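> Residue numbers (our numbering): 2 to 325.
There's a structure below that I have some questions on.
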């Protein structure tokens, strides 16, 4: 069973001007990756490198957000150009994502306007607009998708969020060519929140909550049967501990899914490993019951992680603008 025939894709969770022209192209040419994602934290990291300084100087006098958008859109557009031949061969792949201003996460109308503006500014069919899975975000997803704009629903931690994303996409009356959507389920942040407790009290449960929680979301997405909507496993980097860098790629290598990963995880990944199937429903429920016996409340943790994720993107975005 080839990865191609079962539509598992590895994307790169990083972009930067110099990287795009070198290692990114090599990873694509060797068919290791098939797309890319970005977020405010990634741009904040990239724009600190010297390669951007001349460009930043040439934009002095403009508003901070205008400078950021100019730099970010240049990189996103270049990534889209490099990825376009892949998208033309298979419109399930070859995407690059850009996030709406995180400070608009509670304003549906302004987010919709910004999503449309960003998509039209880039003028590439293989761009996805990233929208956080908040109350306002579901309205934004629906509106953009109805306009034929590809959407990356992000910061998903729960089955409820997953189902609301699905409802937003499936209820959109599409009057354009069929857009694509990914529902980005965050994985490792769950484990970082609970592993110190689990490894102390029940080591056999350690580094598994994020994976099995993600399986539950994946099953819901697959059950609805729309092949234009895929699960994207995000937050799949390993930080500290004894886990292999590609641990979360290997554990979630499911058919009809995407995994966006940092460069160290991609380097450690062995692409010839076979595809897997998620645990069955009973095994998932048994696991959740067992962790609950240690006082772990998934809903409470997920709510905290969502707030932290939104806050982190806002903080990165604010710090980024201050540098200009």
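Each residue gets a CB set at the ideal place from its N, CA and C atoms; glycine is no exception.
Predicted, not measured: the structure shown is a model, and the values here were computed from it.
Which term fits residue 295, buried or exposed, when burial requires 16 or more other beta carbons within 10 angstroms of its beta carbon?
Sequence index remark: in the chain shown, residue 295 carries index 294 (1-based). When all chains shown are included, residue 295 counts as exposed.
> Near residue 11, which residues of its chain fall below 6 Å by C-beta distance, leaving aside the five closest residues on each side in sequence?
The sequence position of residue 11 within the chain shown is 10, counting from 1. Within the same chain, residue 11 has close Cβ partners 34, 260.
> Report yes if the CB atom of residue 222 is closer than 8 Å to the CB atom of residue 232, and no otherwise.
Locating residue 222 in the chain shown gives position 221, where the first residue counts as 1. Locating residue 232 in the chain shown gives position 231, where the first residue counts as 1. Yes; because the gap between Cβ atoms is below 8 Å, this pair is in contact.
> With residue 134 as the anchor, note down where its alpha helix (DSSP H) starts and where it stops.
In the chain shown, counting from the first residue as 1, residue 134 sits at position 133. Note, residue 134: premise wrong, no alpha helix (DSSP H); not H, not E.
> Nearest-angstrom Cα distance between residue 76 and residue 17?
Sequence index remark: in the chain shown, residue 76 carries index 75 (1-based). Sequence index remark: in the chain shown, residue 17 carries index 16 (1-based). The alpha-carbon atoms of residue 76 and residue 17 are separated by roughly 7 Å.
> Does the pairing of the stretch 67-86 with the stretch 268-287 give three or more beta-carbon distances under 8 Å?
As far as the Cβ criterion goes, the stretch 67-86 does not touch the stretch 268-287, which means the pair count is below three.
> Over what stretch of residues does the alpha helix (DSSP H) that includes residue 24 continue unbroken?
Numbered from its first residue, the chain shown carries residue 24 at position 23. Where residue 24 is concerned, the enclosing alpha helix (DSSP H) stretches over 24-30.
> Under 8 Å by Cβ, that's how I've got residue 267 and residue 13 pegged, so tell me the actual separation to the nearest angstrom.
Taking the chain shown and counting its residues from 1, one reaches residue 267 at position 266. Taking the chain shown and counting its residues from 1, one reaches residue 13 at position 12. With 8 Å as the limit, residue 267 and residue 13 qualify as a contact, their Cβ atoms being about 6 Å apart.
> When we look at the beta-carbon of residue 250 and count the other beta-carbons within 10 Å, is it buried (16 or more) or exposed?
Residue 250 sits at position 249 when you count from the first residue of the chain shown. With 16 or more other Cβ atoms within 10 Å, it is buried.
> Do the stretch 146-153 and the stretch 187-195 touch if we need at least three Cβ pairs shorter than 8 Å?
They do not touch, by the three-pair rule.
> Which residue from 288, 123, 277 puts its Cα closest to that of residue 199?
For the purposes of this step, residue 199 is identified with residue 198 of the chain shown, where counting begins at 1. Residue 288 is the option with its Cα nearest to residue 199.
> Between the alpha carbons of residue 155 and residue 297, how many angstroms are there, rounded?
Residue 155 sits at position 154 when you count from the first residue of the chain shown. Residue 297 sits at position 296 when you count from the first residue of the chain shown. The straight-line gap from Cα to Cα measures roughly 24 Å.
> Check whether the Cβ atoms of residue 135 and residue 106 lie closer than 8 Å to each other.
Counting from one through the chain shown, the residue named residue 135 turns up at place 134. Counting from one through the chain shown, the residue named residue 106 turns up at place 105. Yes.
> Out of 133, 303, 91, state which residue places its alpha-carbon closest to the alpha-carbon of residue 159.
For the purposes of this step, residue 159 is identified with residue 158 of the chain shown, where counting begins at 1. Per the Cα distances, 303.
> Terminal residues of the continuous beta strand (DSSP E) containing residue 119?
If you number the chain shown from 1, residue 119 lands on position 118. Per DSSP, residue 119 belongs to no beta strand (DSSP E); it is in the alpha helix (DSSP H), 109-123.
> Which stretch, first to last residue, makes up the beta strand (DSSP E) that contains residue 13?
Position 12 of the chain shown, counted from the start, is the residue given in the question as residue 13. Start and end: 9-13.
> On the criterion of 16 or more Cβ atoms from any shown chain inside 10 Å, does residue 171 qualify as buried, or is it exposed?
Numbered from 1 along the chain shown, position 170 holds the residue referred to as residue 171. Flag for residue 171 reads exposed.
> For the stretch 163-209, which segments carrying the beta strand (DSSP E) assignment without a break, of at least 3 residues, lie completely within its bounds, in sequence order?
Segments of the beta strand (DSSP E) lying fully in the stretch 163-209: 182-187.
> Does DSSP classify residue 100 as helix, strand or coil?
By 1-based counting over the chain shown, the position of residue 100 is 99. Three-state DSSP puts residue 100 in a strand.
> Run through the DSSP bridge pairs and tell me what residue 231 is partnered with.
Reading the chain shown from its first residue, position 230 is the one you call residue 231. BP columns for residue 231 point to 183.
> Quick one: grab the DSSP three-state call for residue 156.
Locating residue 156 in the chain shown gives position 155, counting from the first residue. Correct three-state label for residue 156: strand.
> Once DSSP output is grouped into helix, strand and coil, what is the label at residue 141?
Working through the chain shown from its first residue, we reach residue 141 at position 140. Note: residue 141 maps to helix in three-state DSSP.
> From this set, 72, 38, 60, 128, which residue's C-alpha is nearest residue 262's C-alpha?
Translated into the one-based positions of the chain shown, residue 262 becomes position 261. Residue 262 has its Cα closest to that of 38, out of 72, 38, 60, 128.
> Per DSSP, what kind of secondary structure is residue 19 in: helix, strand or coil?
Translated into the one-based positions of the chain shown, residue 19 becomes position 18. Looking at residue 19 - three-state DSSP - the assignment turns out to be helix.
> Along the chain, where does the beta strand (DSSP E) containing residue 258 start, and where does it finish?
Taking the chain shown and counting its residues from 1, the one referred to as residue 258 is at position 257. Residue 258 -> beta strand (DSSP E) spans 258-262.
> Around the C-beta of residue 52, are 16 or more other C-beta atoms found within 10 angstroms, so that it is buried, or is it exposed?
As a first step, residue 52 must be located in the chain shown, where it is residue number 51. So residue 52 counts as exposed.
> Could you give the first and the last residue of the continuous alpha helix (DSSP H) run that contains residue 270?
Position 269 of the chain shown, counted from the start, is the residue given in the question as residue 270. Neither: residue 270 is in no alpha helix (DSSP H) and is coded neither H nor E.
> Between 44, 24, 29, which lies nearest to residue 322 when the distance is taken from Cα to Cα?
The residue labelled residue 322 in the question sits at position 321 within the chain shown. Ranking the options by Cα distance to residue 322, first place goes to 44.
> Using DSSP bridges, identify the partner residues of residue 129.
Numbered from 1 along the chain shown, position 128 holds the residue referred to as residue 129. BP columns for residue 129 point to 98, 151.
> Going by DSSP, name the residue or residues bridged to residue 221.
Here residue 221 is taken as the residue at index 220 of the chain shown, counted from 1. In the DSSP output, where bridge partners are listed per residue, residue 221 has none listed.
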